[in-house]
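So the protein sequences, as listed, match chains A and B. Heads up: the first sequence begins at 8 in our numbering, then just goes up one per residue. Heads up: the second sequence begins at 8 in our numbering, then just goes up one per residue. C-beta: ideal position from N, C-alpha, C; glycine also. Notes for the one structure printed next.
Protein chains: 2
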Amino acid sequence: MGKKHKHDDKEPAVTLQTIADAMCVSRATVSNAFNRPDQLTPELRVKILAKAKELKYGGPDAAAAVLRKGRTDTIGVIFTEALAYALTDPVALAVLQGIARETEEAEIRLLLIPTAADRADTSPVRDAVVDSFILWSLPDTDPQRLAALARRLPVVIVDGTPDPEAAWVGIDDRSGLEELVGTLAGEGHRRFGVVTWPLAEDGVTGFADLARRDSIYATARERMAGIRTGVEAAGIAWADVPVYECAINSQENGVRAAAALLDLDRPPTALLCMSDLLAFGAMQTALARGLAIPGDVSISGFDDIPAAARSDPPLTTIRQPYERKGNIAATFLLQGWTDTPPRTELATEVIWRQSTGHAPV
Amino acid sequence: MGKKHKHDDKEPAVTLQTIADAMCVSRATVSNAFNRPDQLTPELRVKILAKAKELKYGGPDAAAAVLRKGRTDTIGVIFTEALAYALTDPVALAVLQGIARETEEAEIRLLLIPTAADRADTSPVRDAVVDSFILWSLPDTDPQRLAALARRLPVVIVDGTPDPEAAWVGIDDRSGLEELVGTLAGEGHRRFGVVTWPLAEDGVTGFADLARRDSIYATARERMAGIRTGVEAAGIAWADVPVYECAINSQENGVRAAAALLDLDRPPTALLCMSDLLAFGAMQTALARGLAIPGDVSISGFDDIPAAARSDPPLTTIRQPYERKGNIAATFLLQGWTDTPPRTELATEVIWRQSTGHAPV
DNA sequence: GTGCGCTACTGTATCGATTAAGAACTGAAT
DNA sequence: ATTCAGTTCTTAATCGATACAGTAGCGCAC
Chain A
8 MGKKHKHDDK
18 EPAVTLQTIA
28 DAMCVSRATV
38 SNAFNRPDQL
48 TPELRVKILA
58 KAKELKYGGP
68 DAAAAVLRKG
78 RTDTIGVIFT
88 EALAYALTDP
98 VALAVLQGIA
108 RETEEAEIRL
118 LLIPTAADRA
128 DTSPVRDAVV
138 DSFILWSLPD
148 TDPQRLAALA
158 RRLPVVIVDG
168 TPDPEAAWVG
178 IDDRSGLEEL
188 VGTLAGEGHR
198 RFGVVTWPLA
208 EDGVTGFADL
218 ARRDSIYATA
228 RERMAGIRTG
238 VEAAGIAWAD
248 VPVYECAINS
258 QENGVRAAAA
268 LLDLDRPPTA
278 LLCMSDLLAF
288 GAMQTALARG
298 LAIPGDVSIS
308 GFDDIPAAAR
318 SDPPLTTIRQ
328 PYERKGNIAA
338 TFLLQGWTDT
348 PPRTELATEV
358 IWRQSTGHAP
368 V
Chain B
8 MGKKHKHDDK
18 EPAVTLQTIA
28 DAMCVSRATV
38 SNAFNRPDQL
48 TPELRVKILA
58 KAKELKYGGP
68 DAAAAVLRKG
78 RTDTIGVIFT
88 EALAYALTDP
98 VALAVLQGIA
108 RETEEAEIRL
118 LLIPTAADRA
128 DTSPVRDAVV
138 DSFILWSLPD
148 TDPQRLAALA
158 RRLPVVIVDG
168 TPDPEAAWVG
178 IDDRSGLEEL
188 VGTLAGEGHR
198 RFGVVTWPLA
208 EDGVTGFADL
218 ARRDSIYATA
228 RERMAGIRTG
238 VEAAGIAWAD
248 VPVYECAINS
258 QENGVRAAAA
268 LLDLDRPPTA
278 LLCMSDLLAF
288 GAMQTALARG
298 LAIPGDVSIS
308 GFDDIPAAAR
318 SDPPLTTIRQ
328 PYERKGNIAA
338 TFLLQGWTDT
348 PPRTELATEV
358 IWRQSTGHAP
368 V
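Okay, structure coming up:
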């Protein structure tokens, strides 16, 4: 940013007043020339604009205008992960697209807020010039989440723990997995393994013990609960189900996670992955080891991204309306609310394809 | 945004002054409590923050702070296409990731600016509270581009026509295609066809005549020039090379474009696609028609996105450092410049894979 | 007891616009 | 001549913070 303080310049800045003085009109008229063409004669307007260009005036200062108007026409968006990662996550991206689709025609800007290396530093949230926030998948006590709520602006929480002050949109994370596990158990599976994205913010990779499965992420907690209900209904102890946690949601990490799970003494016959990306990695590992899918191992994903239908074999997964989550979150903010903030829970659907089947005998 | 003018409220807004009065300290001290903890005793600070919370104060108003500081720590990003489309374009996305990677650790926010349905409406650009702009692939006379330059803030143009007032980063769009065409001509190809993304902003799909090939997009112009030089060196008239233009850069459009080209009386034996996405579509069409690639038709892409190496057959394409373009654009702004704005042209490389080969006999 | 340096706060000018209300003028109708 | 309604432009209050220079008070050295 070149640290270019306006105050550095020795020569006084060109402002509306500069133009007004040069044209011998009032500041208000110059302002109107830019923002309300109907308030002055076209001739005067073009003369003012010409003078502005001549004096190298950059137009009304946006910050000053926002201060005066009390409206920024901007929504701040905060993701779990670092921005550069979030943009590689198909689901995060789809949610963002869903938001963009709605805000775009309303001419609302989207402010992507960086999650600082130091997560405790909330200044990017505190100093953000926005009218409202959308939070995606932030842990319950995340400093960024708290900072956003502390701003006392309208907030929509997507895929996180609801807050009484904020609107909420999410999915039923539980029942899809419960159904999936139930069906697989019915097909003879007794040894399940779980591949998940982070359960905590510490960047740890590896098997997650029972305490850790009570994640700080609402989504993870719910999904674990769904799986747990499913396996326990089949008479399997939750503690006997290995859960492998990946620090980042990516195909490469799915590869490693599946390897770790399949290396166990009693390897799972069904791998439940918390995203399609992880599932693709798991399939890659299985195929590399010469295992048949689903003959030797069943693999399921979550999300139903477009690639899931095209994989080999096509991936059994749980479809969630990721883009609609973005649509709805944006719509909530565009419409606003007065009393209690709105909440919407969307349904999921198990999509049975060919990556799952009967347990091996 | 709920049209929530601050001025609507009957009760006066809670500001720094409110807290200051309630605590019998000066406004400056309250400001320091939020922004410069070292300027007051910790005890007083916690008391002030407690009172602020009690009075439901949302923290110092961001717009006011920005006005006073003269710095927003925000970069505005403007894309060619509508935001929701840009986010589906692998290259646009990669550039954005490249930008994010650099800005994130500097705690700089990224403002995604909607391209209004009405392209002439530049208010989203004019009212954007930013320190600088990055423009991606905007046509020379695009209103958004002009509006951004008119703000007289630092601007970096990525993949567009340079401007004396703005920094620039782009690639050598020309030589890669020239080399590609030259080699294919050497392998006996005499009938080329081109599949391109938009040459103009009118959303037209179909064959592009010579006039239209002189695109408003600098990138398109350069690439056409590269191809033209290549084919003419092989003794082929540029006018005899059919160019099919797609209104949106997507695989589906590549399918249709290739169909149109292959339906010609003298169908091309080599399809030069302006993106890998379009090339995938073209391959899809060719395979669906039972044509061998490259036996019956050679197909090339542009960009070298990761999927290009994994396609069947693997795609011959021109690698461009899309993410680095974002890195460099962001770095330009983070470092700033004083005299002439910096410019960087990055090299491309033809990646020969199996989707191209000798012309059929 | 004077002077020095330090900490902890205060006073106030300033950032650059927007907008409601009002004034001055023109022209037409009564 | 008077009223009335439009235009077109002006006046002035206001948005909410930041940061610099200044001051009061205090402890300590000589």
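Closest Cα partner of residue i within the set the options
| i | options | result |
| --- | --- | --- |
| residue 321 of chain A | A/301, A/339, A/333 | A/301 |
| residue 75 of chain A | A/38, A/265, A/303, A/177 | A/38 |
| residue 345 of chain B | B/271, B/161, B/62 | B/161 |
| residue 233 of chain A | A/281, A/205, A/172 | A/281 |
| residue 170 of chain B | B/188, B/147, B/61, B/158 | B/147 |
| residue 256 of chain B | B/231, B/308, B/273 | B/308 |
| residue 103 of chain A | B/114, B/91, B/111 | B/91 |
| residue 174 of chain B | B/358, B/332, B/71 | B/332 |
| residue 24 of chain A | A/108, A/45, A/55, A/49 | A/55 |
| residue 62 of chain B | A/159, A/193, A/163 | A/159 |
DSSP-derived helix/strand/coil call for residue i
| i | result |
| --- | --- |
| residue 116 of chain B | strand |
| residue 330 of chain B | helix |
| residue 309 of chain B | coil |
| residue 78 of chain A | coil |
| residue 355 of chain B | coil |
| residue 325 of chain A | strand |
| residue 350 of chain A | strand |
| residue 368 of chain A | coil |
| residue 130 of chain B | helix |
| residue 277 of chain A | strand |
| residue 86 of chain B | coil |
| residue 245 of chain A | helix |
| residue 335 of chain B | helix |
| residue 144 of chain A | coil |
Sequence-distant residues of the same chain with beta carbon closer than 6 Å to residue i, five excluded per side
| i | result |
| --- | --- |
| residue 248 of chain A | 199, 238 |
| residue 356 of chain A | 326 |
| residue 285 of chain B | 202, 261 |
| residue 185 of chain B | 233, 236, 237 |
| residue 361 of chain B | 320, 321 |
| residue 83 of chain A | 118, 120, 135, 137, 140 |
| residue 293 of chain A | 300, 304 |
Straight-line Cα distance separating residue j from residue i
| i | j | result |
| --- | --- | --- |
| residue 89 of chain A | residue 79 of chain B | 20 Å |
| residue 10 of chain A | residue 339 of chain B | In this prediction, residue 10 of chain A scores a pLDDT of 35, lower than 50, which makes its location untrustworthy; the coordinate-derived value is nonetheless stated afterwards. Going from the Cα of residue 10 of chain A to the Cα of residue 339 of chain B covers about 13 Å. |
| residue 400 of chain B | residue 22 of chain B | Lying before the first or after the last residue shown, residue 400 of chain B is absent from chain B, which here runs from 8 to 368. |
| residue 144 of chain B | residue 116 of chain A | 19 Å |
| residue 183 of chain A | residue 51 of chain B | 52 Å |
| residue 278 of chain B | residue 268 of chain B | 9 Å |
| residue 368 of chain A | residue 298 of chain A | 14 Å |
| residue 195 of chain B | residue 105 of chain B | 39 Å |
| residue 351 of chain B | residue 177 of chain B | 7 Å |
| residue 303 of chain A | residue 168 of chain A | 37 Å |
| residue 354 of chain B | residue 215 of chain B | 28 Å |
| residue 57 of chain B | residue 154 of chain B | 44 Å |
| residue 342 of chain A | residue 165 of chain B | 35 Å |
| residue 112 of chain A | residue 107 of chain B | 24 Å |
| residue 33 of chain A | residue 19 of chain B | 29 Å |
Sequence-distant residues of its chain with Cβ nearer than 7 Å to residue i (five each side left out)
| i | result |
| --- | --- |
| residue 66 of chain B | 41 |
| residue 131 of chain A | 120, 121, 123 |
| residue 287 of chain B | 258, 261, 318 |
Cross-chain neighbours of residue i in chain A, by beta carbon under 7 Å
| i | result |
| --- | --- |
| residue 350 of chain B | Those do not exist, as residue 350 of chain B stays about 17 Å from chain A at its closest Cβ, beyond 7 Å. |
| residue 131 of chain B | 114, 116 |
| residue 110 of chain B | 121 |
| residue 159 of chain B | 63, 65 |
| residue 37 of chain B | Ordered by position in chain A, no residue passes the 7 Å Cβ test against residue 37 of chain B, which lies about 15 Å from the chain. |
Cβ neighbours of residue i in the same chain (closer than 8 Å, five flanking residues each side left out)
| i | result |
| --- | --- |
| residue 126 of chain A | 149, 150, 151, 208 |
| residue 69 of chain A | none |
| residue 253 of chain B | 202, 203, 204, 205, 212, 260, 261, 263, 264, 285 |
Contact set between residue i and chain B, taken where Cβ atoms lie within less than 9 Å
| i | result |
| --- | --- |
| residue 95 of chain A | 100, 104 |
Chain-ordered chain B contacts of residue i [CB-CB under 8 Å]
| i | result |
| --- | --- |
| residue 368 of chain A | Under the 8 Å cutoff, chain B gives no residues; its nearest Cβ is about 34 Å from residue 368 of chain A. |
| residue 79 of chain A | 70, 136 |
Proximal residues of chain B, C-beta to C-beta of residue i below 7 Å
| i | result |
| --- | --- |
| residue 71 of chain A | 74 |
Chain A residues whose Cβ lies nearer than 8 Å to that of residue i
| i | result |
| --- | --- |
| residue 322 of chain B | Those do not exist, as residue 322 of chain B stays about 16 Å from chain A at its closest Cβ, beyond 8 Å. |
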